[in-house]
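What follows is a single structure, written as structure tokens, with notes after it.
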Amino acid sequence: MNVPHLVPPLAAGLLVARLLMAVVWAVARHLRNNSIVDVAWAALFVPLAVVYAVGSGLAGPRTWLVLAMVAAWSLRLTIYLLRRVMRHHPVEDTRYQDLRRDWAHNLDARFFVFFQAQALAAVAFSVPHALALGNPAPALQPLEWLGLVVFLVGLAGESVADWQLARFKANPANAGRICQAGLWNYSRHPNYFFEWLVWCGFALVALAAPWGWLGLLSPALMLYTLLRITGIPATEAAALARRGEAYREYQRTTSAFVPWPKRA
């Protein structure tokens, strides 16, 4: 697949994503809970992958492998986020409470634009899926097998990190304490690191396709998002506000992203 051939599937994906996000916006407006946009964003990658697969007209082991990878990642994250939203409903995530306050003037229109921006972001992140699903090579290549291994490591690590954090929080004795169990002893954000690794796996699978280097933009964008925008900065600011000096000590001794032995 060359760049001109990549445009129609991405355009079709964007149309589907925008329509689905418009529906989600209407539901969020009715529920008065915009946190569901996170759930919808994670779930959106499955219909996008199906659009790309149908548009490519290709069928074979690669198609089913990529669809299974996307579905496994999307399903795990969707269920995780849905449980979190349902646990706090009707209270919105603090990010959306802040936006609701800041956007009090013309609130609905601004949130509609925000939801549409999430549709565009999903399509941008899904470029590796479109490339991989449009790969005309008859057999799976070594890069694709390597990508699968990296993806599985990332998915397993993220699942373990989320489970360890959930188990820690479920213990009343840990109320007000900082989780340093398991992977959290070696990274302040192991879930973010392994999430990034998942996207590295997708990019490696795409790299086997013509123009596959374009897929490298997704893990690069994910890394920037996690390190500079909505990932670590927001999470750390909230943790410092709640935990104060205890969290500063955690910052001093523990890697922010890549799991690594503690500093003395």
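Quick note, the sequence shown lines up with residues 3 to 266 if you use my numbering. Ideal Cβ placement from N, Cα and C applies to all residues, glycine included.
Check, Outcome
"Three CB pairs or more closer than 8 Å across the region 151–171 and the region 184–199", "yes"
"Reduced DSSP secondary structure (H/G/I, E/B, other) of residue 35", "coil"
"Cβ pair residue 44, residue 96 closer than 7 Å", "no"
"Cut-off 8 Å between Cβ atoms - residues of its own chain near residue 83, not counting five sequence neighbours on either side", "40, 41 and 44"
"Beta-carbon contacts of residue 23 that lie in its chain and below 7 Å, excluding the five residues immediately before and after", "42, 117, 118, 120 and 121"
"Residue 66 and residue 200 closer than 7 Å at C-beta", "no"
"Cβ-based burial, residue 1 [other Cβ within 10 Å; buried from 16]", "Nothing about residue 1 can be reported from this structure: the residues present for the chain run from 3 to 266 only."
"Cβ pair residue 108, residue 211 closer than 7 Å", "no"
"Nearest-angstrom Cα separation, counted from residue 177 out to residue 78", "26 Å"
"Cutoff 6 Å; reference residue 214; Cβ partners in own chain excluding five residues on either side", "133 and 208"
"Sequence-distant residues of its chain with Cβ nearer than 6 Å to residue 202 (five each side left out)", "152 and 221"
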